[in-house]
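Chains as they are written, first to last, in this note's numbering: chain D, 4 to 293; chain U, 8 to 106.
In C-alpha cells, the structure reads:
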C-alpha cells in the first residue's frame with residue numbers, strides 16, 4: 004500500500020515553501036465547490052472564522068488556514084495531483100494542459116462527443132438552437148378570462164415598438180376573412196326604414212353624448228281601458244323594426260279554407276239565365292225563342 | 008523560479024516518494040537507466056557507485072540510491088526523468104491516468 008497522501012503533502016508543501024507553487028495554483032483546482040464538497044465542517048468553521056477576521060481573503064489565507072495536510076487528506080487525490088502536475092509542468096517548461104477542477108460542468112462538457120474540424124469549403128454546420136425551455140401549462144387568469152394561447156414554437160421575439168408603416172403593411176398583408184354568415188340581398192319591400200332616419204344618425208352626428216336624465220319606467224297600463232282617455236286601450240304600436248307577418252299566405256287549420264271561400268247568396272249566379280254561362284249554340288236559342 | 012528551487016523541490020519529491028514507498032529504487036532506475044546515469048552523473052559520483060558495489064559484492068538499485076541520493080539525483084539528472092518516475096508512480100497509485 005503506497006502512501007500517496009504523505010507524498011502529496013511533502014510535494015505540495017515543499018513546492019509552496021520553495022515558491023515553485025503558489026496558493027493560487029492550489030485554488031485553481033481546489034475550488035470553493037471542491038472544498039464545500041470534501042472539506043469537513045469543523046475545517047469550514049475554522050476557515051470561515053479566519054476569513055471573517057481577515058481584512059482580505061486571499062488564496063494564501065485559505066491554504067494556510069486549512070493547511071496542506073488537511074487539503075491532501077480530504078481533497079481527492081486526483082485533484083491534488085493535478086495541482087502538483089501543473090506546477091511540475093510549468094517548472095519543467097512543458098506546455099502541459101492540466102484540466103481544472105473536475106466540476107460537474109466540466110464533466111458534462113467532456114462527455115460531449117468530439118467534433119471534427121470542418122473544411123473551409125464545407126457548408127457551415129446547422130445553427131444550434133438551445134433547447135426549448137419547458138413552458139408552464141397555460142392556466143386561466145380568472146374565472147371569466149380564458150387561458151392565454153401558447154406562443155408558437157421558436158418565436159421568442161419580444162414584441163417591440165414598431166412603426167406605423169409596419170402596422171399598416173401588416174394589416175394590408177392580412178387576407179380578409181369571409182363573414183360567418185353571408186349577407187342576403189334585401190329587396191325594397193323588406194326595407195322598413197330609410198337610411199339615416201333612425202336615432203342612430205343623431206348619435207352618429209353628435210358623437211359627444213349629452214347628459215341625460217333618467218326616466219322612470221311608467222306603470223304597466225291595464226289591459227282593458229286606458230286610464231288617460233278612458234277608452235279601450237290601444238294595442239302597443241308595432242315597433243319599426245318588427246317584421247310583419249303575412250297572414251294571407253299562411254296555411255291554417257283544416258277549416259280555414261272554408262271560411263275563406265265562403266260565398267254570399269247574392270254572389271251566386273243563376274246558370275240557367277245568365278248569358279255568360281250559357282253553353283248552348285245559337286240555333287238552339289232560336290228554336291227556344293220560337 | 009530559480010533552478011535551485013526546482014532542484015530542491017524535485018529532491019524533496021524523490022525523497023518523499025521513496026520514504027512513502029510511492030515508488031521503489033528499482034522504479035527510479037527504470038527511468039534513470041544506466042545510460043542516463045552514465046551520461047549525467049559526474050565521474051567522481053560514478054566512481055563512488057562502482058566502489059560501493061564492489062565492496063558489497065553487488066550492485067542493486069538500493070545500493071545505487073544509497074550513493075546517489077535524491078539530492079544528487081535532482082542535481083544531476085534531468086528533472087524530466089525524475090518527473091516521469093513520479094508520474095508513473097502516481098499512475099500506478101490511481102491518482103493520475105497519464106504517467
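Every residue, glycine too, gets a C-beta built ideally from N, C-alpha and C.
Check the Cβ-Cβ distances between residue 110 of chain D and every residue of chain U, and say whether any is below 9 angstroms.
Note that residue 110 of chain D scores 39 on pLDDT, short of 50, meaning its location in the model is unreliable; the coordinates nonetheless yield the value given after this. No, residue 110 of chain D lies away from the interface with chain U (no Cβ there is under 9 angstroms from its Cβ).
Quick check on the burial criterion: 16 or more other C-beta atoms within 10 angstroms. Buried or exposed for residue 190 of chain D?
With a pLDDT of only 49 at residue 190 of chain D, under the threshold of 50, the placement of this residue in the model should not be trusted; the figure read from the coordinates follows. It counts as exposed.
Cβ neighbour criterion (16 or more within 10 Å) applied to residue 50 of chain D
buried
Helix, strand or coil: which one does DSSP assign to residue 19 of chain D?
helix
Express the C-alpha separation of residue 33 of chain D and residue 37 of chain U in angstroms, rounding to a whole number.
32 angstroms
Closer than 7 angstroms by beta-carbon distance: list the chain U residues that pair up with residue 91 of chain D, in chain order.
90
Distance between residue 42 of chain D and residue 77 of chain D (C-alpha atoms, nearest Å)
6 angstroms
From residue 42 of chain U to residue 56 of chain U, what does the alpha carbon distance come to, in whole angstroms?
14 angstroms
Which value, in whole angstroms, describes the spacing of the CA atoms of residue 27 of chain D and residue 63 of chain D?
7 angstroms
Runs of beta strand (DSSP E) lying entirely within the stretch 29 to 99 of chain U, each at least 3 residues, in chain order
none
Neighbouring residues, chain U, relative to residue 21 of chain D (Cβ below 7 angstroms)
12, 15, 16
Can you check whether the C-beta of residue 64 of chain U is within less than 9 angstroms of a C-beta belonging to chain D?
no
Local Cβ density within 10 Å of residue 36 of chain D, reported as buried at 16 or more and exposed below that
exposed
Sub-9 angstroms separation of residue 87 of chain D and residue 14 of chain D beta-carbons
yes
Taking a contact to mean a Cβ-Cβ separation below 9 angstroms, would you say residue 95 of chain U touches residue 34 of chain U in this structure?
yes
Range of the contiguous alpha helix (DSSP H) that encloses residue 35 of chain D
35 to 41
Between the beta-carbon of residue 118 of chain U and the beta-carbon of residue 59 of chain U, is there less than 9 angstroms?
Lying before the first or after the last residue shown, residue 118 of chain U is absent from chain U, which here runs from 8 to 106.
Considering only the alpha carbon of each residue, which of D:60, D:96, D:55, D:46 lies closest to residue 86 of chain U?
D:96
Residue of D:11, D:46, D:44 minimising C-alpha distance to residue 29 of chain D:
D:11
Option nearest residue 40 of chain U by Cα separation, candidates U:20, U:24, U:26, U:67:
U:67
Near residue 16 of chain D, which residues of its chain fall below 6 angstroms by C-beta distance, leaving aside the five closest residues on each side in sequence?
71
Cβ of residue 26 of chain U less than 9 angstroms from any chain D Cβ?
yes
Closer than 9 angstroms, CB to CB, is residue 95 of chain D near chain U or not?
yes
Please find out if some non-hydrogen atom of the ligand ADP comes closer than 8 angstroms to the beta-carbon of residue 30 of chain D.
Within the structure as shown, the ligand ADP is missing, as the structure has no ligands at all.
By the criterion of Cβ-Cβ separation under 9 angstroms, what are the contact partners of residue 9 of chain D in chain U?
23, 26, 27, 29
Could you spell out where the alpha helix (DSSP H) holding residue 87 of chain D opens and where it closes?
80 to 95
Is DSSP giving residue 141 of chain D helix, strand or coil here?
For residue 141 of chain D, the predicted model reports a pLDDT of 46, less than 50, meaning its position is unreliable; a value from the coordinates is still stated below. Looking at residue 141 of chain D - three-state DSSP - the assignment turns out to be coil, as it is neither helix nor strand.
Is residue 27 of chain D helix, strand or coil when you go by DSSP?
helix
Hey, could you find the ends of the alpha helix (DSSP H) residue 68 of chain D is sitting in?
62 to 69
If the cut is a Cβ gap below 8 angstroms, which residues of chain U does residue 18 of chain D touch?
16
Suppose the cutoff is 8 angstroms on Cβ atoms and the five residues either side in sequence are ignored; what does the same chain contact list for residue 69 of chain U look like?
32
Establish whether the CB of residue 56 of chain U and some CB of chain D are separated by less than 9 angstroms.
no
Return the residues of the stretch 35 to 47 of chain D that lie within a Cβ-Cβ distance of less than 9 angstroms from chain U, sorted by chain order.
none
Let me confirm a value: residue 66 of chain D is counted as buried when at least 16 other C-beta atoms fall within 10 Å, else exposed. Which label applies?
buried
Count the other CB atoms within 10 Å of the CB of residue 59 of chain D; is the residue buried (16 or more) or exposed (fewer)?
exposed
Rounded to whole angstroms, what's the CA-CA distance from residue 79 of chain U to residue 51 of chain U? Just pull it up for me.
12 angstroms
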